[in-house]
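Structure, as structure tokens:
Numbering (our numbering), first residue to last: 1 to 238.
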């Protein structure tokens, strides 16, 4: 029997769309990490439970989200980074689509705590499977804390394809190491199940960060040069 074309229910379409943005704990951390860097964070802490399948927490000390804008943060295509088509020609941020938090909210039990710079009070937003359950004013430290529990709890087929906890943790660790080299002015840390895995606290030179990532390998070459106001740093391995 031929089936008719019909518009999918919003709850179904949002889960499908979320799967295009959120693929694994590492992709969650990448999206939240880029949000933190776009907010000019100088400290980013990541903690995982069960490799991110149980819980993912990303905390930063960036500009934060105003209390009244928290519900907008979990709406698709709601963003502070662009406002019109002309902005697409001059993207100056890591993220801009306005999909990350909305996608994460659709496939997890999400909690956002944030205090915007210059605000006197912070806010809490809770949602499950994209449905907002709480929006409250509470005391919060400057910055943003995003906690996602039970990733893909409502998409069992996707959850089944997540790798073992150790493998997912390694993927997140590699991601943080790459960003640490690109942003040496930011302190990154990773813990899993209460155990410290990685930290760049106090390390500001890219050479040190590279050695922290790959060890003091004599086969890795590093060169730094300055031309006028431009500084070029390069590293390579023959």
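Yeah, the Cβ is synthetic: ideal placement off N, Cα and C, and Gly gets one too.
Contact under 7 angstroms by Cβ, residue i with residue j
i, j, result
"residue 146", "residue 112", "yes"
"residue 123", "residue 137", "yes"
"residue 148", "residue 108", "yes"
"residue 188", "residue 175", "no"
"residue 100", "residue 76", "no"
"residue 62", "residue 26", "no"
Beta-bridge partners of residue i, as assigned by DSSP
i, result
"residue 187", "43"
"residue 114", "123, 144"
"residue 179", "Answer is none; residue 179 lacks a bridge partner."
"residue 137", "123"
"residue 48", "56, 192"
Local conformation of residue i per DSSP, three classes
i, result
"residue 105", "helix"
"residue 224", "strand"
"residue 169", "helix"
"residue 149", "strand"
"residue 33", "helix"
"residue 60", "strand"
"residue 231", "strand"
"residue 199", "strand"
"residue 131", "strand"
"residue 207", "helix"
"residue 69", "helix"
Whole-angstrom distance between residue j and residue i, CA atom to CA atom
i, j, result
"residue 55", "residue 171", "15 angstroms"
"residue 205", "residue 185", "9 angstroms"
"residue 28", "residue 222", "31 angstroms"
"residue 52", "residue 228", "45 angstroms"
"residue 104", "residue 150", "11 angstroms"
"residue 49", "residue 168", "10 angstroms"
"residue 232", "residue 173", "26 angstroms"
"residue 144", "residue 166", "27 angstroms"
"residue 194", "residue 47", "8 angstroms"
"residue 212", "residue 133", "42 angstroms"
"residue 106", "residue 129", "4 angstroms"
"residue 36", "residue 234", "25 angstroms"
"residue 135", "residue 70", "8 angstroms"
Classification of residue i by the beta-carbon crowding that lies within 10 angstroms, buried from 16 upward
i, result
"residue 236", "exposed"
"residue 67", "buried"
"residue 121", "exposed"
"residue 44", "buried"
"residue 161", "exposed"
"residue 73", "buried"
"residue 208", "exposed"
"residue 141", "exposed"
"residue 24", "buried"
"residue 114", "buried"
Contact with chain C by residue i, beta-carbon distance below 7 angstroms
i, result
"residue 119", "The chain labelled as chain C is not found in the depicted structure, where only one protein chain is given."
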